[in-house]
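S.K.: Pasting in a structure now, in C-alpha cells, and then I'll have a few things to ask.
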Amino acid sequence: MSKVGKYGEEIATQYLLREGYNIKERNYRSSLGEIDIICEHQGIIIFIEVKTRCSEKFGYASESVDKNKQKRIIINSLNYLIRKNLKTSKLRFDVILISLSNNNTINQINHIKNAFDLELKKDYFNC
Amino acid sequence: MFLLSKINSATVFGIEAYPVEVEVDVRPGLPIFNVVGLPDTAVQESRERVRTAIKNSEFEFPLQRITVNLAPADIKKEGPAFDLPIAIGILAANGQIKTNLLGEYLIIGELSLDGTIKPINGVLPIALMANKSVKKKLLVPRGNAQEAAIIKGLEVFPVYSLYQVVDFLNGKLLIDSLRVDIEEIFNKKLNNQLDFAEIKGQEHAKRALEVAAAGGHNVIMIGPPGSGKTMLARRLPTILPSLTLEESIEITKLYSIANLLPVDTPLITERPFRAPHHTISNSGLIGGGKIPKPGEISLSHHGVLFLDELPEFSRSALESLRQPLEDGIVTISRSLNSVIYTSSFMLVASLNPCPCGFYGDPIKNCTCSLSQIIKYRSKISGPLLDRIDIHIEVPRINYRELEESAKVESSLLIRERVEKARKIQLKRFIDENIYNNAQMSRRQIEKFCYIDQECKNLLYKAMDKLNLSTRAYDRILKVSRTIADLEEAEKINLSHLSEAIQYRSLDRKLWLY
Chain A
1 MSKVGKYGEE IATQYLLREG YNIKERNYRS SLGEIDIICE HQGIIIFIEV KTRCSEKFGY
61 ASESVDKNKQ KRIIINSLNY LIRKNLKTSK LRFDVILISL SNNNTINQIN HIKNAFDLEL
121 KKDYFNC
Chain B
128 MFLLSKINSA TVFGIEAYPV EVEVDVRPGL PIFNVVGLPD TAVQESRERV RTAIKNSEFE
188 FPLQRITVNL APADIKKEGP AFDLPIAIGI LAANGQIKTN LLGEYLIIGE LSLDGTIKPI
248 NGVLPIALMA NKSVKKKLLV PRGNAQEAAI IKGLEVFPVY SLYQVVDFLN GKLLIDSLRV
308 DIEEIFNKKL NNQLDFAEIK GQEHAKRALE VAAAGGHNVI MIGPPGSGKT MLARRLPTIL
368 PSLTLEESIE ITKLYSIANL LPVDTPLITE RPFRAPHHTI SNSGLIGGGK IPKPGEISLS
428 HHGVLFLDEL PEFSRSALES LRQPLEDGIV TISRSLNSVI YTSSFMLVAS LNPCPCGFYG
488 DPIKNCTCSL SQIIKYRSKI SGPLLDRIDI HIEVPRINYR ELEESAKVES SLLIRERVEK
548 ARKIQLKRFI DENIYNNAQM SRRQIEKFCY IDQECKNLLY KAMDKLNLST RAYDRILKVS
608 RTIADLEEAE KINLSHLSEA IQYRSLDRKL WLY
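Listed in order, the protein sequences are those of chains A and B. Taking our numbering, the leading residue of the first sequence gets 1, the next gets one more, and so forth. Taking our numbering, the leading residue of the second sequence gets 128, the next gets one more, and so forth.
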C-alpha cells in the first residue's frame, strides 16, 4: 500500500473515532480482498472504503469506486459477517474521500454515508 | 443551491402529445446517473449524451448521485427529445442555472456530443398540446421552430446549443421568439407539375374520377397495362378540393410523427398521394411496429392512397384496410398499449383484367386460362369491393387518339366543379355528422337519395340485365347523388342514375366485356 493511502486511512480512522464510531477492524483481509475499515455505530456495522487523493481534481477519487470495486467490497463484507456470526445485523457501506494538499495537510474529508447498496437481484456468490 | 429541479417537457404517443415532467435530483453520494420512468433505449442512452454535452459546453457535470424521473411514470417515453430537459434539469439542480422562470417553459430537444441541439420528431403535436395547456413558452430545436410556430398563441424560442439555452435562462442572452406568417405558408402552393390536361383521351375515366373526387368515393380502375391508370391516379389529388388549414395541420401532425416532414416545409399544404409497393407488409400499410408508427393509410390522410396492381397485394394487407375505410381511423393494438391514427383517405386501386393483362383487349389476345383469371380476381374480396363505389374501365387507347388535340380541361377547372359539389354536400349533411356522399349510411341513403318510379324501373331493369349484385344498389344511389350534385340538381334524374349504373362493372357476375 502506498504511503498516501496509509496516511489517508489513518486520517479516516481518527475522523471516525472523533465522530463516535467503534473501529472493529482495519485492513480486514481475506481471500476475497480487503476492506479498509470495519466499524460499528448505533448498532450498524459499517464497511468503509477510503480513497485518498493529492491532486486538486478531487472528483476523480469518487469515480474510482466503481461497480466492480463495490461488488468486491460487498462480497467480502458478507464473508466477514458469516465468519463473525453477525448475519442478522444491520449493515451499511460508506466511502470516505480525503483530499490532501501538497504539504500533506488535510484539505477536505468527504464522508459519503450509504454510498452504495446491496442489491438483491445480484447473485454475489456466483463468482 | 437547489437539489431538485423540475422541467416541463412532452412526449408523443400515437398522434397526441402528453406532458412529461422531468424531475432531476442531485445529491451527495457516489457518482451514479439513473433515469427512471419507463424510458426506452434512446432515453437511457441520453445519459451519455447529456454527460458529454454538459462537459463539452464547459459546464460542470456534478459527480454526485443523479436521479432523473420522467413523470407520469406509467407512460412509455421514447426518443431522444428528453436530452435537453435532462441536461437543463441537472444544471438547474446543480445551481448553474439560476432562474425562477424555469417552470414557464416547455423544453424539448436532442443533444449532440458537442452541445448543439438537433431537431426531433413530433414537434407539431407537442406544440398543439402546449397551446391547450398553460405553458405557452417553448424552447425547441432551431430545425423544428417553424413547425412549432405554426400554432398561434405560442411563444417559440428557437435554440441551437446548450450553452445558448443556459445563457438565455440565466438572463444573459435574449432570444427573439419566432413568428411565422401562417397565411403565407398555407397559401404558398407548390408549383404543381401534374395536370389533367396532360391526359389525352380517356374522357370516360376522367369523368369518373371527377365524380369520385366530388363525392369522396373510392375508386377501382380496370384496364390493360399501359392504358394510363397510374397516370390518372397521380393526377387525382390535383382535382380534390383544396385543403383547409385544419386538415393541413392534421396531415402535418402525422408526417411530423413519422419523421417525413421535409426540411423547410413546416406545413403540408398539398393533399398527399401515397403509392406503396405491392410487397408492403400489413403494419407498413395500416401502421404498427413495436413502437407504433403511422402506416401508409395514415400518411394518405385527407389524400389519395393508390394501390397499383391490387391483386398483387397480400390478402391480409387488403383485408386490414376494411376497418379504416369504414371509420376513417385505425386502431393499432399492442399488448401494452393501443394507439389511434386518423386515416380518412380516398382509396384508388388499379388492376389488370387478368394476369397477362389483355383479357378483353380488342387487339391483343389474352393468354390466360379461365381458372387463372378467376383465381386472380378472387384475391379481391367482396367486403373490400363493397367499400369501393366506383369501378372504372380504362381501355387501351388508340395512338390516333393521342394525336387528336381535342380540348382538354385543366385540373383547376375540374377542381372548381368538385368544390362546388362538396359545398352542396356539406350543406346537406350539416346535421348528419358526415361530410360527403360516400359516407352515407343506409338510413341516410333512403333519406337523401330519393328516386322516382321511372328511375326505379330503370334501376331494377339494369340490375336484372347486367346481373348486378344487391350490394350494387346502394352504391349506385350514392354515386348518382354525387352526379346530381355536380350538376347542382336537387333531384336525381334518369341521366344521373344511368351514369352511375355504368360505374359498377365489377359487380356484374360474369364480368365480361
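Cβ atoms here follow ideal geometry from the backbone N, Cα and C, with glycine treated the same way. Here the structure is a predicted model, which is why all the values come from computation and not from measurement.
#1: Cβ of Leu-240(B) within 8 Å of Cβ of Arg-176(B)?
#2: With Gly-236(B) and Val-286(B) assumed to form a contact (beta carbons below 8 Å), what rounded beta-carbon distance in angstroms separates them?
#3: Which residues in the same chain as Ile-46(A) place their Cβ atom closer than 6 Å to its Cβ, once the five residues preceding and following it in sequence are excluded?
#4: Name the residue from Pro-158(B), Ser-132(B) and Asp-201(B) whose alpha carbon lies nearest to the alpha carbon of Pro-166(B).
#5: Quick check: what's the CA-CA separation for Gly-414(B) versus Val-153(B)?
#6: Could you tell me which chain B residues have their CB closer than 9 Å to the CB of Phe-116(A), listed as they occur along the chain?
#7: So, at 6 Å on beta carbons, what are the nonlocal neighbours of Gln-223(B) in its own chain, with the 5 sequence-adjacent residues on each side left out?
#8: Using a Cβ-Cβ cut-off of 8 Å, state whether Ile-112(A) counts as contacting chain B.
#9: Between the alpha carbons of Arg-401(B) and Leu-426(B), how many angstroms are there, rounded?
#10: Is the shortest distance between the beta-carbon of Val-65(A) and the beta-carbons of chain B less than 8 Å?
#11: What does the Cβ neighbour count give for His-404(B), buried or exposed, with the cut at 16 atoms within 10 Å?
#12: Determine, using beta carbons only, whether Val-50(A) comes closer than 8 Å to chain B.
#13: Please return the same chain residues whose Cβ sits closer than 7 Å to the Cβ of Thr-105(A), not counting the five positions on each side in sequence.
#14: Only counting the same chain, and skipping five residues up and downstream in sequence, which positions put a Cβ closer than 6 Å to that of Ser-447(B)?
#15: Rounding to the nearest angstrom, what Cα-Cα distance links Ser-30(A) and Asp-36(A) in this structure?
#16: To the nearest angstrom, how far is the alpha carbon of Lys-88(B) from that of Glu-19(A)?
#17: Can you tell me the Cα-Cα spacing of Arg-174(B) and Ser-462(B), whole angstroms?
#18: Just to confirm, is the Cβ distance from Lys-605(B) to Ile-578(B) under 8 Å?
#19: Between Val-4(A) and chain B, is there a C-beta pair that is closer than 8 Å?
#20: So, at 6 Å on beta carbons, what are the nonlocal neighbours of Ser-477(B) in its own chain, with the 5 sequence-adjacent residues on each side left out?
#21: Relative to the C-alpha of Val-457(B), which residue among His-428(B), Pro-438(B), Asn-479(B) and Cys-481(B) is closest?
#22: Run through DSSP, which three-state label would His-41(A) get?
#23: Give me the residue from Asn-107(A), Arg-72(A), Lys-84(A) and His-111(A) with the minimum Cα distance to Leu-118(A).
#24: Could you give the distance in angstroms between the alpha-carbon of Ala-208(B) and the alpha-carbon of Ala-335(B)?
#25: For Ser-304(B), count the other beta carbons within 10 Å of its own beta carbon; 16 or more makes it buried, fewer makes it exposed. Which is it?
#26: Using the beta-carbon count (16 or more within 10 Å), is Ile-82(A) buried or exposed?
#27: Quick one, which of Ile-557(B), Pro-480(B) and Ile-603(B) has its alpha-carbon nearest Ile-517(B)'s?
#28: Use the C-beta contact count for Ser-260(B): other C-beta atoms within 10 angstroms, 16 or more gives buried, fewer gives exposed.
#29: In the DSSP output, what is Asn-135(B) paired with across the bridge?
#30: Starting from the C-beta of Gly-8(A), find all residues in its chain whose C-beta is less than 7 Å away, skip the five residues before and the five after it, and write them out in chain order.
#31: For Tyr-640(B), is the classification buried or exposed, using 16 other Cβ atoms within 10 angstroms of its Cβ as the cut-off for buried?
#32: Which term fits Ile-159(B), buried or exposed, when burial requires 16 or more other beta carbons within 10 angstroms of its beta carbon?
#33: So, does the stretch 378 to 396 of chain B touch the stretch 351 to 365 of chain B, judging by three or more C-beta pairs under 8 Å?
#34: Is the stretch 481 to 494 of chain B touching the stretch 367 to 379 of chain B, taking contact as three or more C-beta pairs under 8 Å?
#35: Shorter than 7 Å, the distance from the beta carbon of Leu-32(A) to the closest heavy atom of the ligand PLP, or not?
#36: Hey, would you say Ile-244(B) sits closer than 8 Å to Pro-268(B), going by beta carbons?
M.R.: Concretely, from the data shown:
#1: In the second sequence, the residue the question calls residue 240(B) occupies position 113. In the second sequence, the residue the question calls residue 176(B) occupies position 49. Yes, the Cβ-Cβ distance between Leu-240(B) and Arg-176(B) is below 8 Å.
#2: If you number the second sequence from 1, residue 236(B) lands on position 109. If you number the second sequence from 1, residue 286(B) lands on position 159. Right, their Cβ atoms sit about 7 Å apart.
#3: As a first step, residue 46(A) is located in the first sequence; it is residue number 46 there, counting from the start. Only Cys-39, Arg-92 and Asp-94 meet the Cβ criterion.
#4: Within the second sequence, residue 166(B) is the residue found at index 39, counting from 1. Check the Cα spacing between Pro-166(B) and each of Pro-158(B), Ser-132(B) and Asp-201(B): the tightest is with Asp-201(B).
#5: Residue 414(B) sits at position 287 when you count from the first residue of the second sequence. Residue 153(B) sits at position 26 when you count from the first residue of the second sequence. Answer to the nearest angstrom: the Cα atoms are 40 Å apart.
#6: Here residue 116(A) refers to the residue found at position 116 when the first sequence is read from its first residue. In chain order: Gly-156, Leu-157 and Ile-159.
#7: The sequence position of residue 223(B) within the second sequence is 96, counting from 1. These residues qualify, in order along the chain: Phe-186.
#8: In the first sequence, counting from the first residue as 1, residue 112(A) sits at position 112. Interface residue, yes.
#9: Mapped onto the second sequence, residue 401(B) falls at position 274. Mapped onto the second sequence, residue 426(B) falls at position 299. Going by the C-alpha atoms only, they are around 7 Å apart.
#10: Counted from its first residue, the first sequence places residue 65(A) at position 65. Yes - at least one Cβ of chain B is within 8 Å of the one on Val-65(A).
#11: On the second sequence, residue 404(B) is found 277 positions in, with the first residue counted as 1. His-404(B) is exposed by the Cβ-count criterion.
#12: Residue 50(A) sits at position 50 when you count from the first residue of the first sequence. Not closer than 8 Å to any Cβ of chain B, the Cβ of Val-50(A) fails to qualify, so no.
#13: Translated into the one-based positions of the first sequence, residue 105(A) becomes position 105. Correct list: empty, nothing qualifies.
#14: To locate residue 447(B), count along the second sequence from 1; it is residue 320. Hits under 6 Å: Asn-409 and Ile-413.
#15: As a position in the first sequence, residue 30(A) is number 30, starting the count at 1. As a position in the first sequence, residue 36(A) is number 36, starting the count at 1. Cα to Cα, the separation comes out at about 12 Å.
#16: Past the edges of chain B, shown from 128 to 640, lies residue 88(B), and the structure says nothing about it.
#17: As a first step, residue 174(B) is located in the second sequence; it is residue number 47 there, counting from the start. As a first step, residue 462(B) is located in the second sequence; it is residue number 335 there, counting from the start. Looking at the two C-alpha atoms, the distance is approximately 28 Å.
#18: Within the second sequence, numbered from 1, the residue matching residue 605(B) stands at position 478. Within the second sequence, numbered from 1, the residue matching residue 578(B) stands at position 451. Going by C-beta atoms, Lys-605(B) is not nearer than 8 Å to Ile-578(B).
#19: Within the first sequence, the letter at position 4 stands for residue 4(A). So no, Val-4(A) is outside the interface.
#20: Within the second sequence, the letter at position 350 stands for residue 477(B). Answer for Ser-477(B): Met-348, Lys-356 and Asp-435, listed in chain order.
#21: Within the second sequence, numbered from 1, the residue matching residue 457(B) stands at position 330. If you compare the alpha carbons of His-428(B), Pro-438(B), Asn-479(B) and Cys-481(B) with that of Val-457(B), the shortest gap goes to His-428(B).
#22: The residue labelled residue 41(A) in the question sits at position 41 within the first sequence. Correct three-state label for His-41(A): strand.
#23: As a position in the first sequence, residue 118(A) is number 118, starting the count at 1. Comparing Cα-Cα distances from Leu-118(A) to each of Asn-107(A), Arg-72(A), Lys-84(A) and His-111(A), the minimum goes to Arg-72(A).
#24: In the second sequence, the residue the question calls residue 208(B) occupies position 81. In the second sequence, the residue the question calls residue 335(B) occupies position 208. Computed Cα separation, rounded: 47 Å.
#25: On the second sequence, residue 304(B) is found 177 positions in, with the first residue counted as 1. Answer is exposed; the Cβ neighbour count stays below 16.
#26: Sequence index remark: in the first sequence, residue 82(A) carries index 82 (1-based). Using a 10 angstroms sphere on the CB of Ile-82(A), the tally of other CB atoms stays under 16, which defines it as exposed.
#27: Counting from 1 along the second sequence, the entry for residue 517(B) is found at position 390. When C-alpha distances from Ile-517(B) are compared across Ile-557(B), Pro-480(B) and Ile-603(B), the shortest belongs to Ile-603(B).
#28: For this step, residue 260(B) is matched to residue 133 along the second sequence. Exposed, because fewer than 16 other Cβ atoms sit within 10 Å of the Cβ of Ser-260(B).
#29: For the purposes of this step, residue 135(B) is taken as the residue at position 8 of the second sequence. In the DSSP secondary-structure assignment, Asn-135(B) is bridged to Glu-148(B) and Leu-233(B).
#30: Taking the first residue of the first sequence as 1, we reach residue 8(A) at position 8. Excluding positions up to five away in sequence, the list reads Val-50, Thr-52 and Ile-98.
#31: Taking the second sequence and counting its residues from 1, the one referred to as residue 640(B) is at position 513. Low per-residue confidence applies at Tyr-640(B): pLDDT is 42, beneath 50, and the placement is therefore not dependable, though the value from the model is reported in the following sentence. Tyr-640(B) should be labelled exposed.
#32: Residue mapping note: residue 159(B) aligns to position 32 of the second sequence, counting from 1. Ile-159(B) is exposed by the Cβ-count criterion.
#33: When C-beta atoms of the stretch 378 to 396 of chain B are compared with those of the stretch 351 to 365 of chain B, fewer than three pairs fall below 8 Å, so the two segments do not count as touching.
#34: These segments do not touch.
#35: By its list of ligands, the structure shown contains no ligand whatsoever, and the ligand PLP lies outside what it can speak to.
#36: Stepping through the second sequence from its first residue, residue 244(B) is reached at position 117. Stepping through the second sequence from its first residue, residue 268(B) is reached at position 141. A contact, by the Cβ cut-off of 8 Å.
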